[in-house]
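Protein chains: 2
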Amino acid sequence: MHDNQSLLPLAQAAREAASTAASLSTDGKNGVLRQIAGGLSLRRAWLMEENSRDLAEARRQGMPAALYSRLAMSEGTIRDMTEAVNQVSCLNDPVGEVVRMWRRPNGLQVGKVRIPLGVIGIIYESRPTVTVDAAILCLKAGNAVILKGGSEAYHSNTALVAIMHEALKENGLPETLIQLVPPVEREQLYGLLEMDEYIDLIIPRGGEELIRAVVAHSKIPVIKHYKGVCHIFVDQSADQDMAESIIVNAKVQRPGVCNALETLLIHRGCVSAFLPRIVASLGSRQVEIRACQQCRAIMPGMKEASEEDWYREYLDLILSVKVVADLDEAIAHIGRYGSMHTDAIITRDYNNSRDFVRRVNSSVVLVNASTRFNDGNQLGLGAEIGISTTRLHAFGPMGLEELTAQKYVVYGSGQIREA
Amino acid sequence: MHDNQSLLPLAQAAREAASTAASLSTDGKNGVLRQIAGGLSLRRAWLMEENSRDLAEARRQGMPAALYSRLAMSEGTIRDMTEAVNQVSCLNDPVGEVVRMWRRPNGLQVGKVRIPLGVIGIIYESRPTVTVDAAILCLKAGNAVILKGGSEAYHSNTALVAIMHEALKENGLPETLIQLVPPVEREQLYGLLEMDEYIDLIIPRGGEELIRAVVAHSKIPVIKHYKGVCHIFVDQSADQDMAESIIVNAKVQRPGVCNALETLLIHRGCVSAFLPRIVASLGSRQVEIRACQQCRAIMPGMKEASEEDWYREYLDLILSVKVVADLDEAIAHIGRYGSMHTDAIITRDYNNSRDFVRRVNSSVVLVNASTRFNDGNQLGLGAEIGISTTRLHAFGPMGLEELTAQKYVVYGSGQIREA
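So the sequence lines, in the order shown, correspond to chains C and L.
Mapping of the first sequence onto my numbering: residues -8 to 410, in sequence order.
Mapping of the second sequence onto my numbering: residues -8 to 410, in sequence order.
So this is what it looks like as structure tokens:
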């Protein structure tokens, strides 16, 4: 049995704070955000001091370099964080937006209006900037938030939350709008994940293991983000200069992220010309190629891709490459091996572009653009709290709107129902 | 441990059928629907025969009258069902709808486009018409559906599904688009609810006990519909004729449904005039009143409401009545005791109408109209698969749109990401 008691007061306080959050005015919320930005900037020396306590412990424990660099906060990190908070204060308030309105034959006027979701729990790993990013997006969308960061970032997160609490207090608002879960045992956290009476949504951000553990133990709905096995299909008609530029960008610019390219599919009609060119271009950028038999018939030196490689999210300078007979085979490959995250076609053919967009139901489907654009800021959402690979409620980058629900409002003049 | 094997082939077949469902043309889907309508009409004698087998068994087991009448199919039921199928064939296809589209400074054109959810499981009780209603809505929205009806309706449901399978076959489509779960043990059903790899959404329709059991055992997201403790607040400025007409409609027209009125809140400024009038009107319609102290000070004969009564969904000719000091107290009462289902204000005051609509975040909030309008058909959705009290994904009546998700599509001309 999980521990369903120790975090109960925290969850209950969040539920109570949610009605305060929902009733805040746009100006009220933006005022808090600007004050948070000011606090972060003003107290950056202290923030870095607190962060250095986490870093010292991380060094003592021999944390791997990649994790350590995610944990570290610099003047630059804090400046970016401050800038992000100011940006969110400038975004439209989604709460109260009338999404649509229509009139019924009996004169009823019916509308759908955005309302906050309620209480959102964010469970994440080392990166302390998530603490601020997640909290301000939840607040701007009128929600209360419960933050559970990694224990390795506890001092940094505590300091960041303290600054946000100061801003809330100065505006006469309860600190329970933004709560940080103290270091707890796994059984206590699993207990929290069963409090569906008090928490409306859980968003886990981190590695696949973390996400699977959250999904397995949560009674609360989870919007998850599993891996991104992203594809680019180079159609026979593709502009090869454009294809090369997009593939290099998608694979090399930041190989460790979920919207980086993992599998390249090449139409057999252009493979003999395009393959040597792209292999050379990627090779000069230290990308390892794992290729299908047909590729290896053209360029025998390449390493062979195994069946498992087609499923893999390398998050590294490695690329699977496969020749396909046509658009149908490309789409079938994506359907079978893909993760419905981000998939692109490079083509000059009008019909193929339409077919690809219609038939590939990934969270982001692109024509003649880099997979790296699957990102809330890049797509114009203003900010993002993560990328959902769950179709329900939100699919793809989640911005402020995805942190809201919609109610129906009905304006009448005495209408009653006849039957 | 649950039985995770026996229904696995069914779930896997549904996942496979989902890609067929997603690729169907609007004409193709509508053709199947019209053929289903034709089949229902043509074979109504056989349908009633199969239904009578369920009814005979129900009589043998002494099924309560209310349940028995839900189970029974008549010529009229079948005609209504046929009509409903034809209506759904006339609704707009939600799949492929471009919800919104915008342009980024770098020239990327970004849109949100509706796609099917995938595989939807419907778990429901006696009413066999749900079998057809749910299946055709899922199909029209491009989804595969798994139906688990009550064992008491098994012959009726099997016959209805057979008619739908005929229509699928005549159109060259796999029967696995619409599957009926055979009578199984509880452990097998709970096993099905863990197959989140193959099923995207579970919608339980039925009593609170059924819904709670599904929520407790499902790893798949559940859109639930708990009880409707619906309120009407009669503001001081209300038109009392209108208030009476709406209250009578909301309480008496069909007291056993979730959008019927359960608690009446009356502003103290109009209670002395309005209370005797509404009590007489409801009394003549056999409605039992359970009243607060202040009401009983005005009309001493009435039964006293207990604290529990304010939470109750009577589903019967009983009404809780309470005097409130003002709009704030009315809203606080709804927040504390309500179920966020359907709440209405009767008022002539502009500001109070706005405040009520803004501050009450129930799935449907009405001004000067009956709570009975919380219904997909009444609000103009064309059809409904249920009423969600979960905020995530869908809140209130769920129509075709709520059976879809949205993907991002991005049209570029070679854009790559700079940083």
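All C-beta atoms, glycine included, are put in the ideal place defined by N, C-alpha and C.
R177/L, buried or exposed, once every other Cβ within 10 Å from all chains shown has been counted against 16: By the 10 Å Cβ count, R177/L comes out exposed.
Helix, strand or coil at L310/L [DSSP, three-state]: Under the three-state reduction of DSSP, L310/L is assigned to strand.
Nearest-angstrom Cα separation, counted from R94/C out to S14/L: Straight-line measurement puts the Cα of R94/C at about 33 angstroms from the Cα of S14/L.
Nearest residue (CA-CA) to R6/C, options G140/C, V90/C, G98/C and D191/C: Nearest in C-alpha terms to R6/C, of all of G140/C, V90/C, G98/C and D191/C, is D191/C.
Selection from T68/L, S117/L, N368/L and D300/L that minimises the alpha carbon distance to G197/L: Taking the Cα of G197/L as reference, the smallest distance to any Cα among T68/L, S117/L, N368/L and D300/L is reached at S117/L.
D334/C burial status per 10 Å Cβ neighbour count (16 or more: buried): With 16 or more other Cβ atoms from the protein chains shown falling within 10 Å of its own Cβ, D334/C counts as buried.
Local conformation of T254/L per DSSP, three classes: Assignment of T254/L by DSSP, reduced to helix, strand and coil, places it in the strand class.
Proximity below 8 angstroms, CB of E304/L to CB of K218/L: At the C-beta level, E304/L and K218/L come within 8 angstroms of one another.
Neighbourhood of T120/C by C-beta, 6 angstroms cutoff - its chain only, sequence neighbours within 5 removed: Result list for T120/C: M72, in chain order.
One or two residues paired with S411/L in a DSSP bridge: For chain L, the structure presents residues -8 to 410; residue 411/L sits outside this window and is missing.
Segments assigned beta strand (DSSP E), at least 3 residues, entirely inside the region 37 to 120 of chain C: Listed in chain order, they are 89 to 94, 100 to 107 and 110 to 115.
Nearest-angstrom Cα separation, counted from R408/C out to Q3/C: Cα to Cα, Q3/C sits roughly 39 angstroms from R408/C.
Rounded C-alpha distance that separates V220/L from K398/L: If you take the alpha carbons of V220/L and K398/L, they lie about 35 angstroms apart.
Whether V488/L touches L256/L by CB criterion (8 angstroms): One cannot answer for residue 488/L here, as it falls past the ends of chain L, which runs -8 to 410.
Buried versus exposed call for E41/L [16 or more other C-beta atoms within 10 Å across all chains shown]: Label assigned to E41/L: buried.
Neighbourhood of L62/L by C-beta distance below 8 angstroms, restricted to the same chain and skipping five residues each side: Within the same chain, and ignoring the five residues on either side of L62/L in sequence, the residues whose Cβ sits closer than 8 angstroms to its Cβ are N42, D45, L46, A49, M54, S117, R118, P119, E143, A144 and S147.
Alpha-carbon spacing of W37/L relative to N21/L, whole angstroms: In this model, W37/L and N21/L are separated by some 24 angstroms (Cα to Cα).
Whether L24/L touches I127/L by CB criterion (8 angstroms): Going by C-beta atoms, L24/L is nearer than 8 angstroms to I127/L.
S297/C, DSSP secondary structure in three states: It is coil, neither helix nor strand.
Exposure label - A150/L; buried when at least 16 CB within 10 Å: By the 16-neighbour rule on beta-carbons within 10 angstroms, A150/L is buried.
Q170/L - containing beta strand (DSSP E), residue span: It spans I169 to L171 - the beta strand (DSSP E) in which Q170/L sits, taken as one unbroken run.
C-beta atoms of K242/C and L310/C nearer than 8 angstroms: The answer is yes: Cβ separation under 8 angstroms.
C-beta neighbour in chain C for N(-5)/L, strict 8 angstroms: Under the Cβ criterion of 8 angstroms, N(-5)/L is not counted among the residues facing chain C.
Contact set for Q422/L: own chain, Cβ-Cβ below 6 angstroms, skip 5 residues either direction: Residue numbering for chain L in the displayed model covers -8 to 410; residue 422/L lies beyond these limits and cannot be assessed.
Inter-residue Cα distance where the pair is C81/C and K131/C: Going from the Cα of C81/C to the Cα of K131/C covers about 10 angstroms.
CB-CB length for C286/C against L266/C, believed under 8 angstroms: Rounded, the Cβ-Cβ distance is 6 angstroms, consistent with contact.
Within chain L, the residues that D191/C reaches when beta carbons sit closer than 9 angstroms: Counting only Cβ-Cβ distances below 9 angstroms, D191/C has contacts in chain L at T381, R382 and L383, in chain order.
Test: I202/C CB closer than 8 angstroms to a CB of chain L: It does not; no Cβ of chain L falls within 8 angstroms.
Distance between beta carbons of A234/C and R363/C, contact taken as under 8 angstroms: Between R363/C and A234/C, the beta carbon gap of about 15 angstroms keeps them out of contact (Cβ cut-off 8 angstroms).
Proximity to L183/C [Cα-Cα], best of S209/C, A410/C, M64/C and P174/C: Considering only alpha carbons, the answer is S209/C.
Chain L contact for N352/C (CB, 8 angstroms cutoff): At least one chain L Cβ lies under 8 angstroms of N352/C.
Rounded distance between the beta-carbons of L168/C and T11/C, thought under 8 angstroms: Between L168/C and T11/C the Cβ distance is about 7 angstroms, and since that is below 8 angstroms, they are a contact.
Nearest candidate by alpha-carbon position, reference S330/L, set E199/L, G109/L and V239/L: That would be E199/L, whose Cα lies nearest to the Cα of S330/L.
Cα-Cα separation between S65/C and R35/C, rounded to whole angstroms: About 9 angstroms.
Span of the beta strand (DSSP E) around C221/L: From DSSP, the beta strand (DSSP E) with C221/L extends over C221 to V225.
P1/C vs V172/C beta-carbon contact at 8 angstroms: First, the amino acid is wrong: residue 1/C is Leu here, not Pro. Result yes, Cβ atoms of L1/C and V172/C sit closer than 8 angstroms.
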